[in-house]
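Numbering (the working numbering), first residue to last: 113 to 540.
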């Protein structure tokens, strides 16, 4: 009985195996039929490049406020009546040029008086010197007392002090006389006079402001990361590797102006409130086309990121896991790869993570590409800007064609309605 049961089980197992093989064969046949029925996808031609590390030039600009580094506010330094003004507001004045006169005759008279006081003190010093010498000789002959000699020496000391005092007073009066004629300490454009001729001025009274327009200083703030990268580049390549460009927008339809200059300062500390670093650049402005107080943007030409991976910005798409690019596998099939983005450098997008050097990356227009799409790799000449322009032009042409087609369709739909209306009028 046991043998019969074993044989029965063996027969049942054999039957089951046969049925399973038959089912598998039917499934394989069905899959083969489906594959034969499904059309083969044609490879899509698109630019592909084996990504490598490279140096990428950046295009960075920062808002700034134009300043005049040597702007001077003129103030009176003596008391007196403002007698004359020797300039016209708004004109260019040169360093050392006379601008205001504050009672120079009064201060010249004071100088003359102190010169006379000095001469008197010098004459008294000469007399005291002769007396002291004479008493010294008489003392050696026992003709005078020691007290008389000490008295002569004391008078000589007083005379010397009087001469020093007179010299100091004369020097002070001469300084006041110089202050009586207010001159330009720098060259620049002078503004309106803050006080009229005939008014009394005193030390600290504001007279006018001189604004040098050439050169101009521009101060701006760099983000912390940009400042650190710039400092490293300057330490490796020197200041000459960076050129500053000032872009000043035009007003009331006027054309924008551009000045070239140099970066002359980069701060050494980060502002805790803004996480930025102070920087400044100087620009030649010989024609005074740009005025201090304007808001403008300063660009740093020559900035680079060294030894980085980058792809044309157009190659970046948005996937479920974030920004992504398409890479090719060994069979030239597109596979999505999530990447970590860095800075945008013109038409280039710097990649901080997700790609390795040597991988085949699709850098052309990703429109119509999805994971699993077979690709016909086309060579990429490395001109990302030209690639972006070509794609944008193609998109613009497609939009224009779609708009024209829409207009034609609307016109075709409007014609039957017009004909029906005309037929109704004829019937009437």
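Cβ atoms here follow ideal geometry from the backbone N, Cα and C, with glycine treated the same way.
Counting other Cβ atoms within 10 Å of its Cβ, residue 327 reaches 16 or more and is therefore classed as buried. Straight across, the Cα-Cα distance linking residue 191 with residue 285 is about 13 Å.
Beta-bridge analysis with DSSP links residue 218 to no other residue.
Counting C-beta atoms within 10 angstroms of its own C-beta, residue 198 has fewer than 16 neighbours from the protein chains shown and is therefore classed as exposed.
Counting the other Cβ atoms within 10 Å of the Cβ of residue 361 gives fewer than 16, which makes it exposed. Of 518, 467, 455, the smallest CA-CA separation from residue 168 is found for 455.
Within the model, the alpha-carbon separation for residue 269 versus residue 234 is close to 12 Å. The three-state secondary structure of residue 231, taken from DSSP, is helix. In the three-state reduction of the DSSP assignment, residue 385 falls in the coil class.
Nearest to residue 220 by C-alpha distance, out of 283, 435, 440, 264, is 283.
For the pair of segments examined, the segment 301 to 321 was found not to touch the segment 381 to 394: the number of CB pairs separated by less than 8 Å stays below three. Per DSSP, residue 329 is one residue of the beta strand (DSSP E) stretching across 328 to 335. Of the candidates 222, 215, 266, 260, 266 places its Cα closest to the Cα of residue 237. If the five residues before and after residue 397 are omitted, its C-beta is found closer than 7 Å to the C-beta atoms of 325, 326, 327, 328, 371, all from its own chain and listed in chain order. In terms of Cβ geometry, residue 487 and residue 158 form a close pair [threshold 9 Å].
Cβ neighbours of residue 316 within its own chain (closer than 6 Å, five residues either side excluded): 187. A distance below 7 Å between beta-carbons, with the five flanking residues on each side excluded, links residue 478 to the following residues of its chain, in chain order: 427, 429, 438.
Residue 375 is classed as buried because its beta carbon has at least 16 other beta carbons within 10 Å across all chains shown. Within its own chain, the residues whose Cβ lies closer than 8 Å to the Cβ of residue 203, once the five positions on either side in sequence are excluded, are 301, 302, listed in chain order.
Rounded to whole angstroms, the separation of the alpha carbons of residue 200 and residue 400 is 18 Å. When 469, 287, 230, 195 are compared, the shortest CA-CA separation from residue 215 is found for 195. Of the other Cβ atoms in all chains shown, 16 or more fall within 10 Å of the Cβ of residue 341; this residue is therefore buried.
Residue 422 has 462 as its beta-bridge partners, per DSSP. Cα atoms of residue 475 and residue 490: separation of roughly 10 Å, rounded to the nearest angstrom. Residue state for residue 475 is assigned as coil, using DSSP reduced to three classes. Contact check for residue 407 against residue 393 fails: the beta carbons are separated by 9 Å or more. Three or more Cβ pairs closer than 8 Å define a contact, and the segment 448 to 465 meets that threshold against the segment 406 to 422. A distance below 9 Å separates the beta carbons of residue 446 and residue 440.
Per DSSP, residue 360 is not a residue of any alpha helix (DSSP H); the beta strand (DSSP E) it occupies stretches across 355 to 360. Here the alpha carbons of residue 472 and residue 484 stand approximately 15 Å from one another. Out of 153, 291, 373, the CA that lies nearest to the CA of residue 351 is found in 373. Here residue 498 carries a helix assignment [DSSP, helix/strand/coil].
One thing to note: residue 176 has its Cβ within 9 Å of the Cβ of residue 358. Only buried fits residue 424, as 16 or more other CB atoms lie within 10 angstroms of its CB. Annotation for residue 457: the continuous beta strand (DSSP E) segment containing it runs 452 to 457. In this structure, DSSP gives residue 310 a state outside helix and strand, which the three-state scheme calls coil.
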